[in-house]
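**Student:** These protein sequences, in sequence, are chains G and H.
Taken in order, the first sequence gives residues 1 to 190; the numbers are from my numbering.
Taken in order, the second sequence gives residues 1001 to 1190; the numbers are from my numbering.
The following block contains the structure, expressed as structure tokens.
Protein chains: 2
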Amino acid sequence: MSTTPLRADAQRNLERVLDAAAGLFAERGCDVSVDEIARRAGVGHATVFRRFPTKDDLIAAVVSKQIHELVAHVEAALEEPDAGEAFRGFVWHAGELHARNRGLYEGFSRCVDLREVAEAKAELNGLIEQLIERAQATGAVRPDIAADDVSTLVGSAIHGAVDSPDRELWRRYVEVVLDGLRPPVERLTA
Amino acid sequence: MSTTPLRADAQRNLERVLDAAAGLFAERGCDVSVDEIARRAGVGHATVFRRFPTKDDLIAAVVSKQIHELVAHVEAALEEPDAGEAFRGFVWHAGELHARNRGLYEGFSRCVDLREVAEAKAELNGLIEQLIERAQATGAVRPDIAADDVSTLVGSAIHGAVDSPDRELWRRYVEVVLDGLRPPVERLTA
DNA sequence: CGTTAAGCGGACTCTGTCGTCCGTTTTTTC
DNA sequence: GAAAAAACGGACGACAGAGTCCGCTTAACG
């Protein structure tokens, strides 16, 4: 676990690789080749493999970092007094993230069982669970769903919109999902 | 367009290939190799390529066939008197299809612009559009969505559930989407 | 500075998959 | 049942991407 600190150039290259990978994954998904990532980072691809023994390890590093940024956001949402608004605000934020980053959904589902991602996921899920339970307690969210369901539904709905020429389509989809997540109501029209 | 009829053995092999492909795509998605399809069909893989110059052509054939089966179902739904029920019944049917066939969503989005699939899609969409407009007229479905949106939302929601150990998870997701597709209502709780 | 160890990257291997070629087999037809 | 045409499938080619090796370079430290 305790690694000797990296040499200065190695540290710099590591950051470049991480940046290049994050950028390319966001733009084009996880199927970009390691060669291309290395090229954008300005290093040889062997340098990438020196830090990340496997391409999946690189994906996991990028994804788990992004999940951790989300964690901070849920923590903030948990402070908001209105539980329903907090929940929906978070969903919109997560949606925005997915919409600007097609690699997130892809990379996440590809690497869920790598330790790094699994841990980040567990941490995030615990917090989302709180957010949801709070919203469910006030009747703002239907009682039969859990954190996983929300992540998956939002992620995949947006993933479906990602190839559309309409850059804002995903927002309509998030609206639909969000409405669907409210408790079902009695209606006059069947 | 007018091809001379196939020799008896060729016709038989063609059907075997189509069956094997449909089966494997349904079970494991479109990434199964042509070799494996050929093996299951009991032919050499050159035989596959003789009928389908490209793997995508094979996928398109399988997918467009399945879309055509759906078309029949929408036509039936258009007969049903209750527009809302007809719409929801169709969505459940399509959901069932996607849930039992992971290749459908994948193959469809992969080959949308191959003539065969594009045509089938256009035909299906026209009918779904009618189904939706009818349902929208009675207030059973929100007015701001179209046929494409429904297909995509249902397809991707289920796609998100497909890797879960819970075989029935997709039903909960379809419920959520279906609820979200109803017209938004005024609520007491924000 | 000079030594040393960490780091570098081009060239290489390996694997898997799509797609083609061509000598052989099977169907059809007369 | 023999000749012609159609179909077959194993062997082959091509390519792309992941991951390794090793001789050269460069940062770190006394």
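For every residue, glycine included, the Cβ atom is placed at its ideal position computed from N, Cα and C.
(1) Kindly indicate if chain H contains any beta-carbon less than 8 Å away from that of G:D144.
(2) Touching or not, the segment 1155-1162 of chain H and the segment 1137-1147 of chain H, by the rule of three or more beta carbon pairs under 8 Å?
(3) Starting from H:S1156, find everything on chain G with Cβ-Cβ shorter than 7 Å and list it in chain order.
(4) Output yes if chain G places a C-beta closer than 8 Å to the C-beta of H:L1078; else output no.
(5) Return the chain-ordered list of same chain residues with a C-beta closer than 7 Å to the C-beta of G:L131, the five sequence neighbours on each side being excluded.
(6) For the putative contact between H:L1127 and H:A1094, defined by C-beta atoms under 8 Å, what is the C-beta separation to the nearest angstrom?
(7) Between H:R1016 and H:V1043, how many whole angstroms is the CB-CB distance? I'm expecting something under 8 Å.
(8) Of all Cβ atoms in chain H, is any one closer than 8 Å to the Cβ of G:L153?
(9) Is it buried or exposed for H:E1106, if we count other Cβ within 10 angstroms and need 16 for buried?
(10) Please tell me whether G:G84 and G:A21 are closer than 8 Å, where the distance is taken between their beta carbons.
(11) Could you have a look at G:L178 and say whether DSSP puts it in helix, strand or coil?
(12) Under 9 Å between beta-carbons, which chain H residues line up against G:R102? List them in chain order, please.
(13) For a test of the three-state rule: what should DSSP assign to G:I128, helix, strand or coil?
(14) In three-state terms, what does DSSP make of H:G1155?
(15) Any C-beta of chain H sitting closer than 8 Å to the C-beta of G:T189?
(16) Would a C-beta distance cut-off of 8 Å place H:A1046 and H:E1116 closer than the cut-off?
(17) Short of 6 Å in beta carbon distance, which residues of its chain neighbour H:D1019, apart from the five on each side in sequence? Order them along the chain.
(18) What is the DSSP secondary structure of G:D82, counted as helix, strand or coil?
(19) Straight-line CA distance for G:A140 to G:H159?
(20) Return yes when the Cβ of G:C30 is within less than 8 Å of the Cβ of G:R110, no when it is not.
(21) Note down, in chain order, each residue of its chain lying with its Cβ closer than 8 Å to the Cβ of H:E1080, except the 5 sequence neighbours on either side.
(22) Quick check on H:S1164: does DSSP put it in helix, strand or coil?
(23) Taking all protein chains shown into account, decide if H:A1008 is buried (16 or more other Cβ within 10 angstroms of its Cβ) or exposed.
**Tutor:** Short version:
(1) yes
(2) no
(3) S156, A157, H159 and G160
(4) no
(5) V74, A77, L78, A86, F87 and F90
(6) Their Cβ separation, rounded to whole angstroms, is 12 Å, which puts H:L1127 and H:A1094 out of contact at 8 Å.
(7) Sure, about 7 Å apart at Cβ, within 8 Å.
(8) yes
(9) buried
(10) no
(11) helix
(12) The contacting residues do not exist; G:R102 stays about 13 Å from chain H at best.
(13) helix
(14) helix
(15) Confidence at G:T189 is low in this model, with a pLDDT of 47, below 50, so its placement is unreliable and no value can be given for it.
(16) no
(17) So no residue of the chain qualifies.
(18) coil
(19) Whole-angstrom Cα-Cα distance: 25 Å.
(20) Against a cut-off of 8 Å, the Cβ pair of G:C30 and G:R110 comes out as a contact.
(21) A1086 and G1089
(22) coil
(23) When all chains shown are included, H:A1008 counts as exposed.
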